[in-house]
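For the sequence shown, the positions run 1 to 280 when the UniProt record's numbering is used.
Notes for the one structure printed next.
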Amino acid sequence: MVITPELLDAMLANGLSREQIVGLMKASVEADQAQEEAKKAARRANQNERQQRRRRLMSHVVTHQTCDNVCDGVTERDTPAPSLDGRPPSPAPQPPTLYPSPAPGSDAAASAVAAAPPVELSVSDRIWTKFPDLLVGMSSKSDRSVRTWIGKLLSKYRAEDVLPALQAAIDARTGDPFGYATRVLNPAPTKQALRARPPSAQDLWAADAFDAYETELRGRDEHRPFDRDGSGSETAGDPGWHPAGAPAHRGGDRLPEQQLGADPRELPPLRLVGGGRAHG
1 MVITPELLDA MLANGLSREQ IVGLMKASVE ADQAQEEAKK AARRANQNER
51 QQRRRRLMSH VVTHQTCDNV CDGVTERDTP APSLDGRPPS PAPQPPTLYP
101 SPAPGSDAAA SAVAAAPPVE LSVSDRIWTK FPDLLVGMSS KSDRSVRTWI
151 GKLLSKYRAE DVLPALQAAI DARTGDPFGY ATRVLNPAPT KQALRARPPS
201 AQDLWAADAF DAYETELRGR DEHRPFDRDG SGSETAGDPG WHPAGAPAHR
251 GGDRLPEQQL GADPRELPPL RLVGGGRAHG
């Protein structure tokens, strides 16, 4: 009720006293305040209804998961801070569990709503729901960095392999959960696996290079130098090439360049067909 100057003049003309006019003004102000409070309460009710409807729509994607379900100890992040007026903190609201509605006309619909387990999340959704907050709490990295790292793991490995690796890093309570999970996904090969692995091209090239070096030092067919002076001693050369006391006619049916004691690595001099003199 709005008291206008015309209304005041009408009150005075009708013989109302000052106390009566003040009482009417107070009643008008109280009525306006009550109307405003009713509008605020209606707005709050509408806002709460929208929030509850949104939670019901999102409850099949995001489940209520905190560190208390995984870690044994409670950290500061999981402990709600007390209010400023000293009252205990209110518990966090739990999202409602959605159940499928029974078919019309069935016994369950007639009696009560049939209880059914909630929708099970996929392995990838379980990773994104559970581990980002845990890894942020165990390390100094930001939430964005942790989620980027998890995305790289999922793009490189299967989600079924990433989930146990992340869980092992959480259970180990290590200071570097990222390196721990990476080592679980990429274990170092054992000695038995290394022995069973076929030689690589690099190993074969190294073996050939070693053999070539040994051949250059020792010769192709023996481990001792050739007996160039024909002494036949063990220290001077191999007696198998030119044994001591061999008869003078031994090897007489061969060319001079093919006699025993010649270095087999040296080619004989070139001879011209029909010529009587050798050219070196």
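Idealized CB from N, CA, C, for every residue including glycine.
Would you identify the three-state DSSP class for residue i, choosing helix, strand or coil?
i	result
proline 189	coil
lysine 39	helix
serine 124	helix
asparagine 14	coil
threonine 4	coil
aspartate 208	helix
aspartate 176	coil
glutamine 198	The residue you asked about is not glutamine; residue 198 is proline in the sequence shown. Proline 198: coil per DSSP, three-state reduction.
proline 239	Because proline 239 sits at a pLDDT of 47, beneath the cut-off of 50, its placement in the model cannot be relied upon, and the following sentence gives the value as read from the coordinates. Proline 239: coil per DSSP, three-state reduction.
lysine 156	helix
glutamate 19	helix
serine 145	helix
serine 139	coil
aspartate 9	helix
Could you give the distance in angstroms between the alpha-carbon of residue i and the alpha-carbon of residue j?
i	j	result
lysine 141	arginine 158	24 Å
leucine 8	alanine 31	18 Å
arginine 77	alanine 45	Note on arginine 77: pLDDT 48, under 50, position unreliable in the model; the coordinate value appears next. Near 31 Å, if we compare the C-alpha coordinates of alanine 45 and arginine 77.
glutamate 49	tryptophan 128	28 Å
isoleucine 21	glutamate 37	25 Å
alanine 206	glutamine 192	22 Å
aspartate 143	lysine 130	13 Å
glutamine 33	alanine 42	14 Å
valine 136	serine 122	22 Å
aspartate 211	asparagine 186	36 Å
glycine 15	proline 5	16 Å
aspartate 208	lysine 156	37 Å
glutamate 160	leucine 166	11 Å
glutamine 47	glutamate 120	30 Å
isoleucine 150	arginine 56	28 Å
residue 298	glutamine 35	Within the shown structure, residues of the chain are numbered from 1 to 280, placing residue 298 beyond reach of any answer.
threonine 182	lysine 39	57 Å
glutamine 51	lysine 152	34 Å
arginine 18	leucine 12	9 Å
Are the beta-carbon atoms belonging to residue i and residue j less than 8 Å from one another?
i	j	result
proline 164	serine 139	no
valine 146	alanine 168	no
leucine 154	serine 124	yes
alanine 172	tyrosine 180	yes
isoleucine 170	leucine 134	yes
Just to confirm my understanding: we take residue i, look at its own chain, exclude 5 residues before and 5 after, and list those with CB closer than 7 Å. What are they?
i	result
arginine 126	Leu163
alanine 10	none
CB-CB under 8 Å to residue i, same chain, minus the five flanking residues each way: which ones, in chain order?
i	result
isoleucine 3	Leu24, Met25, Ser28
proline 132	Asp143, Val146, Arg147, Ile150
Ordered along the chain, which non-local residues of its own chain (more than five positions away) have a Cβ less than 6 Å from that of residue i?
i	result
leucine 255	Residue placement at leucine 255 cannot be trusted, given a pLDDT of 49 that sits under 50; what the coordinates show is reported in the next sentence. Cβ neighbours of leucine 255 beyond the five flanking positions: none.
threonine 148	none
threonine 174	Tyr180
Closer than 7 Å to a non-hydrogen atom of the ligand GTP - does that hold for the CB of residue i?
i	result
leucine 8	You won't find the ligand GTP in this model; it holds no ligand whatsoever.
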